[in-house]
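*Asks:*
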Amino acid sequence: MRGYETDLDEWEAGGDGLNPMEIVLGITLPELDGGFEPVFTAGMRTLNDPDLGEVRVVDVVPERMDRFAARILNWLKLRTMENHEKRIGIILYDYPPGEANLGNAGYLDVFESLEVFLRRLRERGYSVRIPDEPIKDILMREGLINSPSYHEYGGQRIPLSDYLEFFSRLPERIQDDVRARWGEPPGELMVDGDDIIIPVTELGSVYLCIQPSRGIMETDSYHSRDNPPHHQYLAFYAYLNSLGLDAIIHFGMHGTLEFLPGRETALGAECYPDLLLGELPNIYLYWAGNTSESTIARRRTYALPVAHASPPVRQSDLYGDYLVLEELIDQWHGDPDDGLRDEIIERASQLNLRGDIPEIESELFRMKRRLIPRGLHIMDSEWDPNDMVSYLLGVLRFDREYPSIHSMVAEKLGLDYRGSMDTATGWEIERHAAEALKRILTGKSVDLPPEYVEWVRSLSERCDFRGESRGLLEALEGRYVNPSRGGDPIRDPEVYPTGYSMHAFDPMKIPAPLAESRGRLAARKLLEDYLEENGRYPETVAVVLWGFETLKTGGDTISMILELLGVRINRKYGPWAKNIDVIPLNELGRPRVDVLVNICGIFRDTLGSQIEILNRAFKTVAGLDEDPEDNYILKHNLEDGEVKVPPRIFGPGPAEYASSIPDIIGGGAWDQEDELAAAYLGEMCYAYLPDSVREAPDEFRRNLQRVELVAQERDNVEYEVTDLDHYYEFMGGLTSSVRNLGGSCSVRVVDSTEDEIYVEGLDEVIGRAARCRILNPVWLDGMLAHDHHGAKNIKDRVEHLLGFSATTGAVDNWVYDDVAETLILDDEMRRRISENNPYAAVRMGEILLETAERGYWDAPDETLNRIREVFLGLEYELE
Numbered sequence: 000m001r002g003y004e005t006d007l008d009e010w011e012a013g014g015d016g017l018n019p020m021e022i023v024l025g026i027t028l029p030e031l032d033g034g035f036e037p038v039f040t041a042g043m044r045t046l047n048d049p050d051l052g053e054v055r056v057v058d059v060v061p062e063r064m065d066r067f068a069a070r071i072l073n074w075l076k077l078r079t080m081e082n083h084e085k086r087i088g089i090i091l092y093d094y095p096p097g098e099a100n101l102g103n104a105g106y107l108d109v110f111e112s113l114e115v116f117l118r119r120l121r122e123r124g125y126s127v128r129i130p131d132e133p134i135k136d137i138l139m140r141e142g143l144i145n146s147p148s149y150h151e152y153g154g155q156r157i158p159l160s161d162y163l164e165f166f167s168r169l170p171e172r173i174q175d176d177v178r179a180r181w182g183e184p185p186g187e188l189m190v191d192g193d194d195i196i197i198p199v200t201e202l203g204s205v206y207l208c209i210q211p212s213r214g215i216m217e218t219d220s221y222h223s224r225d226n227p228p229h230h231q232y233l234a235f236y237a238y239l240n241s242l243g244l245d246a247i248i249h250f251g252m253h254g255t256l257e258f259l260p261g262r263e264t265a266l267g268a269e270c271y272p273d274l275l276l277g278e279l280p281n282i283y284l285y286w287a288g289n290t291s292e293s294t295i296a297r298r299r300t301y302a303l304p305v306a307h308a309s310p311p312v313r314q315s316d317l318y319g320d321y322l323v324l325e326e327l328i329d330q331w332h333g334d335p336d337d338g339l340r341d342e343i344i345e346r347a348s349q350l351n352l353r354g355d356i357p358e359i360e361s362e363l364f365r366m367k368r369r370l371i372p373r374g375l376h377i378m379d380s381e382w383d384p385n386d387m388v389s390y391l392l393g394v395l396r397f398d399r400e401y402p403s404i405h406s407m408v409a410e411k412l413g414l415d416y417r418g419s420m421d422t423a424t425g426w427e428i429e430r431h432a433a434e435a436l437k438r439i440l441t442g443k444s445v446d447l448p449p450e451y452v453e454w455v456r457s458l459s460e461r462c463d464f465r466g467e468s469r470g471l472l473e474a475l476e477g478r479y480v481n482p483s484r485g486g487d488p489i490r491d492p493e494v495y496p497t498g499y500s501m502h503a504f505d506p507m508k509i510p511a512p513l514a515e516s517r518g519r520l521a522a523r524k525l526l527e528d529y530l531e532e533n534g535r536y537p538e539t540v541a542v543v544l545w546g547f548e549t550l551k552t553g554g555d556t557i558s559m560i561l562e563l564l565g566v567r568i569n570r571k572y573g574p575w576a577k578n579i580d581v582i583p584l585n586e587l588g589r590p591r592v593d594v595l596v597n598i599c600g601i602f603r604d605t606l607g608s609q610i611e612i613l614n615r616a617f618k619t620v621a622g623l624d625e626d627p628e629d630n631y632i633l634k635h636n637l638e639d640g641e642v643k644v645p646p647r648i649f650g651p652g653p654a655e656y657a658s659s660i661p662d663i664i665g666g667g668a669w670d671q672e673d674e675l676a677a678a679y680l681g682e683m684c685y686a687y688l689p690d691s692v693r694e695a696p697d698e699f700r701r702n703l704q705r706v707e708l709v710a711q712e713r714d715n716v717e718y719e720v721t722d723l724d725h726y727y728e729f730m731g732g733l734t735s736s737v738r739n740l741g742g743s744c745s746v747r748v749v750d751s752t753e754d755e756i757y758v759e760g761l762d763e764v765i766g767r768a769a770r771c772r773i774l775n776p777v778w779l780d781g782m783l784a785h786d787h788h789g790a791k792n793i794k795d796r797v798e799h800l801l802g803f804s805a806t807t808g809a810v811d812n813w814v815y816d817d818v819a820e821t822l823i824l825d826d827e828m829r830r831r832i833s834e835n836n837p838y839a840a841v842r843m844g845e846i847l848l849e850t851a852e853r854g855y856w857d858a859p860d861e862t863l864n865r866i867r868e869v870f871l872g873l874e875y876e877l878e
């Protein structure tokens, strides 16, 4: 891959990688065809010619060309070698370090999937030894754990002399960076005496390896590109290269190699991912739903990402006292007795459901139809018929080339689907739609158009995940792995089947037409919600903008931002030519709202062209000749001392991907909430302008002081806001920063996971998430079906509640009451969690006690004492 504009003199001096257009032409478009390994080999050099004067010529970088050639040869070698001769390294993760999180990956049962894959390797002729005991037990028994608390270190010991020989060959700048951060070799992490411990075990010609942690997690960000790897991290990849491996597989989403210091693209020999990977072919098993971070792995570790599926989904349904409440409401509809009404309101109050009976009933129906993951995905697994029906109900709820199945069924029944979604009538439509799908899938007749029936059957046939191991095996044999788009399989059912070389949605087509319409609708609903509550429009809205969401939705949030500003994209000259059209104020019918956009580093790295579009929009609106009271960005720009392009896009520094808030929360390394706000204010204050990125703390604070509303889209069913720490990191980081600066703001979640878009308060969303997942026996059973991983995932959600409490205060007390009662104080559930992962069970108890100690949970002393007793008993058993 060559740079068409990149100046080699600047690149060699440590300058950034390619510019946005070079990335599109040189990397993005080839990725759509299955291209990978974007090794930078040439750029532009400015020379002075005696006849022509200053000229620009293409110049090859010899060392980079050698690297590229060596990597090509190693891929070709995989084609010609016999499988029984190949040596493969499989890399697992353990983050945060310790026993509780061993082998974790996003929505993948790593241990079960690994056992499937090892069998496939043996069937394909690899010299692999299939162990007699579970892989998790082997890793625990041998102490293959990062910084274990309850086990002794295990694995390969690297003598200091061997490591020093390797370390001395590294570029001097690299040695200086590592020493400055981690001290002299061997450092303090994963060492025994002077030996460095490498967690690895051999299964014939296959090596199972635990990727090192990034260091002191509570002070350094997991995704930090400013923090050099420590000595054991360097030794780990040096050891893999010394084994004579023919390829490595990073097994699941995701590792940390791709986030090490170095350029975003066009890496050089002193960029850590390139330096450590060396010439090893890198294959990456990755969740199909996260194309943004898989793209980082593609570009920074030359990975070939092979997609695996999401877990099956099912409707949350009701349980326990919620079922009783539903029955009482059914009775009330038949006989609206005042005494029964009072009982319903009382029972609803006990369940912390607010409102009158129609509002309570509406919430119950939203809970019932909410799609939740049924556990984790296992490689090559097949879905049962109920899983298929639940998935297709989610897919077919949206209008596509055909209307929503719910609308079609409702029409046959003579009912109005849109007007009855959250009612008993809506649930009747839901049941008939599910029955119609069952009939279609079993070949029975159904009163729907024949072409629609065939289309639905074709969608079901796409849910074939048997190619996942095959995709890895084909990559290991140096074959071409067919490319296909990753993304949200419910929004985009063409994401399935899996096992392909996944790539992201073409960023030049963002915002896509459907995203434009849904984003505009979301903006209108957001403003209507604020207007209803406050009697006026907000002057400034802070919007969280992720690459994770944008590449799946096609740009919902980008369209929402543009609508808030009162502009739209004009594609008159083609899909790539995006002009900004201003919506006249008389058509807009409201003021133009100022927007503070908070991006992550992954958005920066993958969607630079969208940053350019947004900056053009801000420039256009700030330059309009309008009354400042009708144009809040103009008003604020005038107040700040008018600039041509007011800084409105803020995010982490060029070497970072996000803030350190999750690490601070997870490590408990804070005393006051102000510390969390200070971390966010200090780490996310970089302004992304048309021609530069610069630290702009004053502008960031000034804009935050005006924020009256914080909003973020939740776009996929896999992750509720309580399932992912980045939700509290960004929504909470913004909220705590606004409050730290003396302001106040509402927090709203834009839920676009269904055909209807909902705008709701964060406390409501967290409450529903708790009811449908962490307190729901169905969700818990699904998770606990996966040894070790299940309890780890439950534990994570408890920690995320603490994160939301610390940054937003939006977790109601009842949530913690019910979490403690359901997970810790219920003897049977505690036994199941402890048997699944005792280390996660201990951590859960620690989190709940910390939550109470910090004042976020007002728990009776008796409850806290019982938790302490349980916690001490579990710790005693482990020790």
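Start counting the sequence shown at 0; every next residue gets the next number (numbering that gives the first Met the number 0).
By construction, the Cβ of each residue, glycine as well, lies at the ideal position given by its N, Cα and C atoms.
Could you tell me if residue 218 is buried or exposed, where buried requires 16 or more neighbouring beta carbons within 10 angstroms of its beta carbon?
*Replies:* In this predicted model, residue 218 has a pLDDT of only 40, less than 50, meaning its place in the structure is not dependable; the value taken from the coordinates is given anyway. So residue 218 ends up on the exposed side.
*Asks:* Distance, Cα to Cα, residue 796 vs residue 150?
*Replies:* Note on geometry: alpha-carbon atoms of residue 796 and residue 150 lie some 25 Å from one another.
*Asks:* With distances taken between CB atoms, is the gap from residue 269 to residue 604 smaller than 9 Å?
*Replies:* Taking 9 Å as the Cβ cut-off, residue 269 and residue 604 do not qualify as a contacting pair.
*Asks:* In the DSSP assignment, find the unbroken beta strand (DSSP E) run with residue 195 in it and report its ends.
*Replies:* Where residue 195 is concerned, the enclosing beta strand (DSSP E) starts and stops at 194-197.
*Asks:* Would you mind stating whether residue 840 and residue 829 have Cβ atoms separated by less than 9 Å?
*Replies:* yes
*Asks:* Smallest Cα separation from residue 252: which of 102, 716, 174?
*Replies:* 102
*Asks:* Counting C-beta neighbours from all protein chains within 10 Å, is the total for residue 128 16 or more, i.e. buried, or is it exposed?
*Replies:* Answer is exposed; the Cβ neighbour count stays below 16.
*Asks:* Residue 543 by DSSP, collapsed to three states: which one?
*Replies:* strand
*Asks:* Could you tell me whether the segment 411-426 touches the segment 349-365, using the rule of 3 or more Cβ pairs below 8 Å?
*Replies:* Between the segment 411-426 and the segment 349-365, the count of Cβ pairs shorter than 8 Å is three or higher; the stretches touch.
*Asks:* Under the DSSP definition of a beta bridge, which residues are partnered with residue 45?
*Replies:* In DSSP, residue 45 forms a bridge with 55.
*Asks:* Between the Cα of residue 41 and those of 327, 292, 57, 53, spot the shortest distance and give me the residue it belongs to.
*Replies:* 57
*Asks:* Does residue 366 come out as helix, strand or coil in the three-state DSSP assignment?
*Replies:* helix
*Asks:* When the distance is taken between beta carbons, is residue 109 closer than 9 Å to residue 67?
*Replies:* No, the pair does not count as a contact, with Cβ atoms beyond the cut-off.
*Asks:* Specify, as a first and last residue, the run of the beta strand (DSSP E) that residue 177 falls within.
*Replies:* Counting along the chain, residue 177 falls outside any beta strand (DSSP E), though it belongs to the alpha helix (DSSP H) covering 171-181.
*Asks:* Rounding to the nearest angstrom, what Cα-Cα distance links residue 559 and residue 296 in this structure?
*Replies:* 29 Å
*Asks:* In the DSSP assignment, the alpha helix (DSSP H) including residue 700 goes from what residue to what residue?
*Replies:* 696-705
*Asks:* Do residue 309 and residue 772 count as a contact pair if the criterion is CB distance below 9 Å?
*Replies:* Not in contact: residue 772 and residue 309 (Cβ atoms no closer than 9 Å).
*Asks:* Consider the Cβ of residue 389: report whether some Cβ of chain C lies at a distance smaller than 9 Å.
*Replies:* Chain labels in this structure do not include chain C; a single protein chain is all it has.
*Asks:* Quick one: give me the first and last residue of the beta strand (DSSP E) that residue 19 is part of.
*Replies:* Not the beta strand (DSSP E): residue 19 falls in the alpha helix (DSSP H), residues 19-22.
*Asks:* Just list the residues that DSSP pairs residue 250 with in beta bridges.
*Replies:* 284
*Asks:* Only counting the same chain, and skipping five residues up and downstream in sequence, which positions put a Cβ closer than 8 Å to that of residue 221?
*Replies:* Reliability of the predicted coordinates at residue 221 is poor, the pLDDT of 47 falling under 50, and the value obtained from them is presented with this limitation in mind. Taken in chain order, the residues that qualify are 94, 213, 255, 258, 661, 662.
*Asks:* Are residue 474 and residue 278 close, meaning C-beta to C-beta below 9 Å?
*Replies:* no
*Asks:* What does the Cβ neighbour count give for residue 479, buried or exposed, with the cut at 16 atoms within 10 Å?
*Replies:* exposed
*Asks:* Under 6 Å Cβ to Cβ from residue 438, same chain only, skipping five residues before and after it: list those, please.
*Replies:* 445
*Asks:* Starting from the N-terminal side, write out each stretch of the alpha helix (DSSP H) that is 4 residues or longer and does not extend beyond the segment 389-460.
*Replies:* 404-412, 423-440
*Asks:* Can you tell me whether residue 751 is buried or exposed, with buried defined as 16 or more other CB within 10 angstroms of its CB?
*Replies:* Around the beta-carbon of residue 751, 16 or more other beta-carbon atoms lie within 10 Å, marking it buried.
*Asks:* Under the three-state reduction of DSSP, which class applies to residue 861: helix, strand or coil?
*Replies:* Three-state DSSP puts residue 861 in a helix.
*Asks:* Check whether the segment 610-624 and the segment 668-680 touch, using three or more Cβ-Cβ pairs below 8 Å as the test.
*Replies:* no
*Asks:* With C-beta atoms as the reference, is residue 36 less than 9 Å away from residue 502?
*Replies:* No, these two residues do not count as a Cβ contact at 9 Å.
*Asks:* Under 9 Å, do residue 195 and residue 234 count as touching if we go by C-beta distance?
*Replies:* Yes, the Cβ-Cβ distance between residue 195 and residue 234 is below 9 Å.
*Asks:* Taking residue 712 as part of the beta strand (DSSP E), name the residues at either end of that continuous run.
*Replies:* Where residue 712 is concerned, the enclosing beta strand (DSSP E) stretches over 708-713.
*Asks:* Is the segment 393-400 in contact with the segment 489-501, if contact means three or more CB pairs nearer than 8 Å?
*Replies:* yes
*Asks:* Taking residue 91 as part of the alpha helix (DSSP H), name the residues at either end of that continuous run.
*Replies:* First-last for residue 91: 87-91, but that is the beta strand (DSSP E), not the alpha helix (DSSP H).
*Asks:* Tell me the rounded alpha-carbon separation between residue 679 and residue 658.
*Replies:* 6 Å
*Asks:* What first and last residue would you give for the alpha helix (DSSP H) that runs through residue 476?
*Replies:* Counting along the chain, residue 476 falls outside any alpha helix (DSSP H), and DSSP gives it neither H nor E.
*Asks:* So, at 6 Å on beta carbons, what are the nonlocal neighbours of residue 632 in its own chain, with the 5 sequence-adjacent residues on each side left out?
*Replies:* Leaving aside the five residues that flank residue 632 on each side, the residues in its chain whose CB is nearer than 6 Å to its CB run, in chain order, 593, 620, 621.
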